Amino acid sequence: LHSYAKLLVRDVPFLQAVTGLLSRSCDQLSPRSCSMAAYSLGRLGVRGGVWQPLAARIRERIERHSPLNLALIAHGFGKVSARDDDGLLEGPLADAAVDVITGFTPKH
115 LHSYAKLLVR DVPFLQAVTG LLSRSCDQLS PRSCSMAAYS LGRLGVRGGV WQPLAARIRE
175 RIERHSPLNL ALIAHGFGKV SARDDDGLLE GPLADAAVDV ITGFTPKH
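Spelled out as structure tokens, the structure:
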């Protein structure tokens, strides 16, 4: 999926199969897989029901995401204007981003 996104290949049958699989198995994804899926789906402009279960999984394990993962998730959700009902981007994602950069200073 990530390779398709990098090359901007929108193979509709493939994307339908992948989004169906992701919707059913989001609860098994690692933090890295969640961020890659969000980034890739966003870059490819995929909309639909896959975003709600993905947001739920991200919210469950938000404290385990690295700063890069958080950035990829925000980018993916933003690309397709995906918003979940519980406000992932406004609440938990923003809070987690602030928490992981507390030690950052402009000298780094």
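At position 41 of the sequence shown (counting the first as 1) the number is 155 in the working numbering, and the numbers step up by one without a gap.
Using N, Cα and C, we set each Cβ at its ideal position, and we do this for glycine too.
This one's a predicted model, so the numbers in the text were calculated from it and none came from an experiment.
Quiz item: What are the boundary residues of the alpha helix (DSSP H) that residue 182 is part of?
Solution: 181-193 is the extent of the alpha helix (DSSP H) around residue 182.
Practice problem: Note the first and the last residue of the continuous alpha helix (DSSP H) segment covering residue 170. | Solution: Note, residue 170: alpha helix (DSSP H), 165-174.
Quiz item: Hey, quick one: how far does the alpha helix (DSSP H) through residue 213 stretch, first residue to last?
Solution: Where residue 213 is concerned, the enclosing alpha helix (DSSP H) stretches over 206-214.
Self-check item: Secondary structure of residue 119, DSSP reduced to three states
Solution: Residue 119: helix per DSSP, three-state reduction.
Exercise. Starting from residue 136, trace the alpha helix (DSSP H) both ways and give me its first and last residue.
Key: From DSSP, the alpha helix (DSSP H) with residue 136 extends over 126-139.
Quiz item: Should residue 151 be labelled buried (16 or more other beta-carbon atoms within 10 Å of its own) or exposed?
Solution: Burial call: buried.
Practice problem: Tell me where the alpha helix (DSSP H) around residue 151 begins and ends. | Solution: That run of the alpha helix (DSSP H) goes 145-157.
Self-check item: Neighbour-count burial assignment, residue 191, 16 or more Cβ in a 10 Å radius
Solution: Answer is buried; the Cβ neighbour count reaches 16.
Quiz item: Going straight from the alpha carbon of residue 210 to that of residue 136, what length do you get?
Solution: Distance from the CA atom of residue 210 to the CA atom of residue 136, rounded to whole angstroms, is 24 Å.
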